[in-house]
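Participant:
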Amino acid sequence: MGFFNKLKQGLSKTRDSFSEKFDNILKFTKKIDEETFDELEELLISADVGVCTTQELMERLRENSKKINNLEELKTVLKDEIINFFPKESISLTFPAVILVVGVNGVGKTTSIGKLANRYKAEGKKVILAAADTFRAAAVDQLEIWGNRVGVDIIKHKEGADPASVLFDALKAGKARKADIIICDTAGRLHTKKNLMAELKKLYRVCHKEYPEANVTSLMVLDATTGQNALSQARMFKEAVDFSGIILTKLDGTAKGGIAIAIASELKIPVWYIGIGEGINDLQEFSPQDFVDAIFI
Amino acid sequence: MAFESLTNKLGDIFKKLRGKGKLSEADVKQAMREVRLALLEADVNFKVVKDLVFRITERSVGQEVMDSLTPAQQVIKIVNEELTSLMGSKESRINFSSKDITTIILVGLQGSGKTTTAGKLGRLLSKGGKRPLLVAADIYRPAAITQLQVVGEKLGLPVFTMGQQDPVNISRASLEYARKHNCDVVIIDTAGRLHIDDELMNELSEINKTVNSNEIMLVVDSMTGQDAVNVAAEFNKRLPLTGLILTKLDGDSRGGAALSVKAVTGCPIKYVGMGEKLDDLEIFYPERMASRILGMGDVLTLIEKATADFDMKKAKELEQKLKTQAFDLNDFLDQLSQVKKMGSFDQVLNMIPGLSPQKLKGVEFDDKELDRVEAIINSMTFEERKSPSVINGSRRKRIANGSGTAIQDVNRLLKQYDQTKKMIKQFTGVEKSRKKGRQKFPFFGF
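What follows is the structure, encoded as structure tokens:
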């Protein structure tokens with residue numbers, strides 16, 4: 017199955033509900049008036065795009081509304097505006113790389129790491145996993161199962177161990193075994209917990225200090241069902257570990273993932289990957305064009 | 070910006086309202102626009118917001134407000150009442166079976182916090198004199214069973230597992246096990262699933278039929294967005310939900326999902342998860358939550374926490390000491406450990422009315438600070454604690470060394486102690502002066 021089809025399938029729920037509603041609006045509205053805008057606004061808000069971003073989009077649509085003759089054109093303009101929010105840069109990873117995977121509790125960090133490892137291994141890279149979530153019960157076991165599934169090495173300590181020391185050992189192992197990429201799992205933490213965020217900063221420092229030659233990157237995992245709080249999460253994690261991209265998970269549900277648009281618009285942070293299922297291959301590279309196309313087809 | 074919490078937002082709106090003597094229809098409309106935006110930003114579903122704003126407007130623009138002396142207070146009251154009634158007017162408890170074993174099934178999306186909540190709920194019930202059994206019925210997620218086992222072990226609660234077998238069989242067998250081992254509550258931790266996953270949703274109905282549950286509770290992440298409504302509606306359609314548990318409410322999300330989910334399912338929110346520790350599950354009080362959203366603080370929870378965790382005898386002793394002004398560092402240490410029992414410092418502070426998160430911005434409370442203070446006092450001799458004035462330079466040095474802190478830390482603590490003592494002097498003096506004029510309580514600025 018081609019990439020585009022897979023993405024479409026993953027986003028089909030999103031597309032169906034979103035596009036259906038959109039088409040409904042188009043069908044029953046004869047001309048573009050205030051009501052059309054109100055309905056569009058509601059539609060965007062119900063997709064978690066957020067009040068600010070929605071208003072911004074509406075403003076732009078209104079500015080252009082004189083040039084827009086029919087509803088089909090309105091659709092195209094809206095699509096373009098949304099695509100424009102996403103930063104143009106693509107995923108850039110030079111090897112050896114260290115990826116620190118962060119996020120709040122229950123967003124799917126460990127699962128995403130399993131899928132990431134699989135992806136890079138398939139590209140012929142040597143991957144090592146660091147089980148630095150030493151807090152949650154059985155998190156290490158969970159990562160280990162994924163490690164075995166994919167067939168990559170995992171560095172672990174006991175539950176309750178210092179995450180920084182796990183990472184330190186993983187970095188050493190990575191250097192000794194000439195790994196291309198070390199992916200570090202971290203405990204889920206709410207972005208408002210000062211102490212836990214300080215712990216993350218320490219992990220980030222350890223990466224830079226112990227393996228300065230490597231390309232140290234952080235990724236934030238974000239649950240697509242999350243509402244406006246995701247902006248707060250993104251801000252705080254950005255401040256702590258300066259992450260370069262987002263892994264948007266659980267897009268196989270009915271959640272529309274509109275929060276990705278809000279984050280792109282307000283914080284200019286790109287989405288790197290999307291999670292569209294529980295299978296080992298259900299991680300896809302994100303492309304704004306495909307994302308928006310899949311929503312609007 | 071989008072980032073102020075609902076409390077701040079509504080606070081700002083009503084500050085504007087408060088400034089006016091009477092409210093015109095336009096005023097109310099303006100305020101309602103802000104209320105609408107604030108609620109949307111707090112992730113309350115847009116349909117629910119529409120309803121809510123309509124009802125509030127209807128009640129506000131009219132006799133009720135126009136005739137009252139303080140219209141703003143009336144509006145706040147109405148908003149508060151509507152929020153409360155939307156969340157259910159009073160707290161609700163678990164329906165325990167009177168004869169047989171009580172069975173509770175926890176369901177929800179992936180990552181909403183079911184396994185952790187199962188442990189917390191078990192802990193809460195066992196504190197209340199029940200003998201709960203945790204059942205590991207999540208056979209899909211890697212290591213989910215181990216996770217529940219570890220949680221059970223930490224709490225000293227029994228955990229029933231049958232490996233990766235059919236969850237329906239596991240659930241059936243767990244009842245037998247509970248009977249044999251004299252457990253009276255069974256908490257079944259099911260796998261996270263999408264509400265549109267037909268096969269897995271059927272599995273839940275099967276489990277429910279098999280164990281004939283007393284409670285099916287939907288565990289909802291309080292950070293969920295607009296989709297919360299779809300999820301809750303679908304779960305409610307497929308299963309006879311009896312309650313909701315809201316998790317991760319200790320973050321900065323305003324938990325608008327709570328309002329939506331309640332409105333869609335009609336099920337009461339029974340518990341809220343408030344932290345990382347396995348004690349951090351609380352009974353949900355709708356009226357307190359509404360007050361909290363409105364920035365009126367959560368005094369009731371604070372009082373309850375204080376009475377539940379405070380040692381009354383010690384409090385009496387302390388009171389006596391305060392009156393006679395014989396308050397020394399030993400008492401200070403006692404007091405510290407009492408405060409610590411109530412939860413983390415910022416948790417406590419959040420409940421104090423008038424202290425909006427905005428005012429607390431930039432003020433960081435490090436719980437480790439309390440540990441440091443404890444260490445310093447513990448490094449003092451009994452005599453030093455009793456009369457801190459004997460602590461001279463060399464004693465300070467010794468104390469700092471003993472507690473692994475710097476001399477400055479010790480100095481700071483002693484200074485704080487002095488200030489506290491002075492404050493107490495003033496407080497005990499207040500009682501006499503109170504008769505002369507009304508004293509304003511510092512926190513209740515509202």
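Chains as they are written, first to last, in the numbering used here: chain D, 17 to 313; chain H, 70 to 515. The beta-carbon is built from N, C-alpha and C at its ideal position, and this holds for glycine as well. Please read these numbers as outputs of a predicted model, since none were measured by experiment.
Can you tell me where the alpha helix (DSSP H) with N238 (chain H) in it begins and where it stops?
Facilitator: Taken as a continuous stretch (DSSP letters only), the alpha helix (DSSP H) holding N238 (chain H) covers 236 to 249.
Participant: Which same chain residues, not among the five before or five after V122 (chain H), have their C-beta less than 7 angstroms away from its C-beta?
Facilitator: Excluding sequence neighbours, V122 (chain H) sits near M101, V104, R105.
Participant: Using DSSP with H/G/I as helix, E/B as strand and the rest coil, what is K339 (chain H)?
Facilitator: K339 (chain H) falls in the strand class under three-state DSSP.
Participant: Kindly list, in the order they appear in chain D, the residues whose Cβ is closer than 8 angstroms to that of V115 (chain H).
Facilitator: First, the amino acid is wrong: residue 115 (chain H) is Phe here, not Val. Result: E58, I61, S62.
Participant: Under 8 angstroms between C-beta atoms, does A154 (chain D) make it to chain H?
Facilitator: Answer yes: the Cβ-Cβ gap between A154 (chain D) and chain H drops below 8 angstroms somewhere.
Participant: From R307 (chain H) to S154 (chain H), what distance separates their C-alpha atoms?
Facilitator: Cα to Cα, the separation comes out at about 26 angstroms.
Participant: Kindly identify the DSSP beta-bridge partner or partners of Y209 (chain H).
Facilitator: According to DSSP, Y209 (chain H) bridges with nothing at all.
Participant: Strictly under 8 angstroms for the Cβ-Cβ distance: is N245 (chain D) near chain H by that measure?
Facilitator: So yes, N245 (chain D) belongs to the interface.
Participant: By the 9 angstroms beta-carbon criterion, what residues does the segment 209 to 243 of chain D contribute toward chain H?
Facilitator: Hits within the stretch, in order: K209, K210, N211, L212, D239, A240, T241, T242, G243.
Participant: Let me check understanding here. Comparing Cα to Cα, which of D:Q244, D:R78, D:C68 lies closest to E51 (chain D)?
Facilitator: Considering only alpha carbons, the answer is D:R78.
Participant: In three-state terms, what does DSSP make of G462 (chain H)?
Facilitator: Correct three-state label for G462 (chain H): helix.
Participant: When we look at the beta-carbon of I338 (chain H) and count the other beta-carbons within 10 Å, is it buried (16 or more) or exposed?
Facilitator: Under this definition I338 (chain H) is a buried residue.
Participant: Measuring only between beta-carbons, confirm whether E317 (chain H) sits less than 8 angstroms from chain D.
Facilitator: Checking the sequence, you will find Lys at residue 317 (chain H) rather than Glu. By this cut-off, K317 (chain H) is an interface position.
Participant: May I ask which residues mark the beginning and end of the alpha helix (DSSP H) holding S303 (chain D)?
Facilitator: That residue, S303 (chain D), is in no alpha helix (DSSP H); it is neither H nor E in DSSP.
Participant: Leaving out the 5 sequence neighbours to the left and right, which residues in its chain are closer than 7 angstroms to A304 (chain H) when beta-carbon positions are compared?
Facilitator: Before going further, note that residue 304 (chain H) is Phe rather than Ala in the sequence given. So the qualifying residues of the chain are V176, H264, L287, L310.
Participant: Do you know offhand how far N114 (chain H)'s Cα is from F151 (chain D)'s?
Facilitator: Between N114 (chain H) and F151 (chain D), the C-alpha separation is close to 34 angstroms.
Participant: In whole angstroms, what is the alpha-carbon distance linking S137 (chain H) and K146 (chain H)?
Facilitator: Here the model assigns S137 (chain H) a pLDDT of 49, short of 50, so the residue's position is not dependable, and the following value carries that caveat. Rounded to the nearest angstrom, the two C-alpha atoms are 12 angstroms apart.
Participant: Span of the beta strand (DSSP E) holding I170 (chain H)?
Facilitator: Note, I170 (chain H): premise wrong, no beta strand (DSSP E); not H, not E.
Participant: Compute every distance between the C-beta of K183 (chain H) and the non-hydrogen atoms of the ligand NAP, then say whether any falls below 7 angstroms.
Facilitator: Only the bare structure without any ligand can be found here, which leaves the ligand NAP out of the picture.
Participant: Taking the DSSP output, what are the residues bridged to C200 (chain D)?
Facilitator: Partner(s): D:L116, D:A146.
Participant: What did DSSP end up calling I170 (chain D) once you bin it into helix, strand or coil?
Facilitator: Note: I170 (chain D) maps to strand in three-state DSSP.
Participant: With 9 angstroms as the C-beta to C-beta threshold (strictly closer), list the residues of the segment 265 to 276 of chain D near chain H in chain order.
Facilitator: Per Cβ criterion, the list reads T265, K266, D268, G269, T270, A271, K272, G274, I275.
Participant: Mapping the DSSP letters down to three states, classify I292 (chain D) as helix, strand or coil.
Facilitator: Residue state, collapsed to three classes: coil.
Participant: Compute the beta-carbon to beta-carbon distance between A246 (chain D) and I275 (chain D), rounded to the nearest angstrom, for a pair I have assumed lies under 8 angstroms.
Facilitator: The Cβ separation is near 5 angstroms, so the contact holds.
Participant: Check the Cβ of I161 (chain D) against every Cβ in chain H and list those closer than 8 angstroms, keeping chain order.
Facilitator: Chain H residues near I161 (chain D): P211, A212.
Participant: So, is the C-beta of F307 (chain D) closer than 8 angstroms to a C-beta in chain H?
Facilitator: It does not; no Cβ of chain H falls within 8 angstroms.
Participant: Output, in chain order, the set of chain D residues within a Cβ distance shorter than 7 angstroms of T334 (chain H).
Facilitator: Simply none; closest approach about 16 angstroms.
Participant: Based on the DSSP secondary-structure assignment, which residues constitute the bridge partners of M231 (chain H)?
Facilitator: According to DSSP, M231 (chain H) bridges with H:Q233.
Participant: Around the Cβ of G295 (chain D), are there at least 16 other Cβ atoms within 10 angstroms (buried) or fewer (exposed)?
Facilitator: Flag for G295 (chain D) reads exposed.
Participant: Go to N231 (chain D), then tell me how far its alpha helix (DSSP H) extends in each direction, as first and last residue.
Facilitator: Element bounds for N231 (chain D): not the alpha helix (DSSP H) but the beta strand (DSSP E), 231 to 239.
Participant: Just to confirm the assignment, what range does the beta strand (DSSP E) spanning G261 (chain D) have?
Facilitator: Element bounds for G261 (chain D): 261 to 265.
Participant: Where L145 (chain D) and N297 (chain D) are concerned, what is the direct C-alpha to C-alpha distance, given to the nearest angstrom?
Facilitator: Cα to Cα, L145 (chain D) sits roughly 18 angstroms from N297 (chain D).
Participant: Is there a C-beta anywhere in chain H that falls below 8 angstroms from the one on H173 (chain D)?
Facilitator: Not closer than 8 angstroms to any Cβ of chain H, the Cβ of H173 (chain D) fails to qualify, so no.
Participant: Could you confirm whether any beta carbon from chain D is found closer than 8 angstroms to the beta carbon of E73 (chain H)?
Facilitator: Note that E73 (chain H) scores a pLDDT of 42, beneath 50, so its modelled location is shaky; the value from the coordinates is reported in the next line. With 8 angstroms as the cut-off, E73 (chain H) does not count as an interface residue toward chain D.
Participant: Under the rule that 16 or more other beta-carbon atoms within 10 Å means buried, what is F302 (chain D), buried or exposed?
Facilitator: Buried, by the Cβ-count rule.
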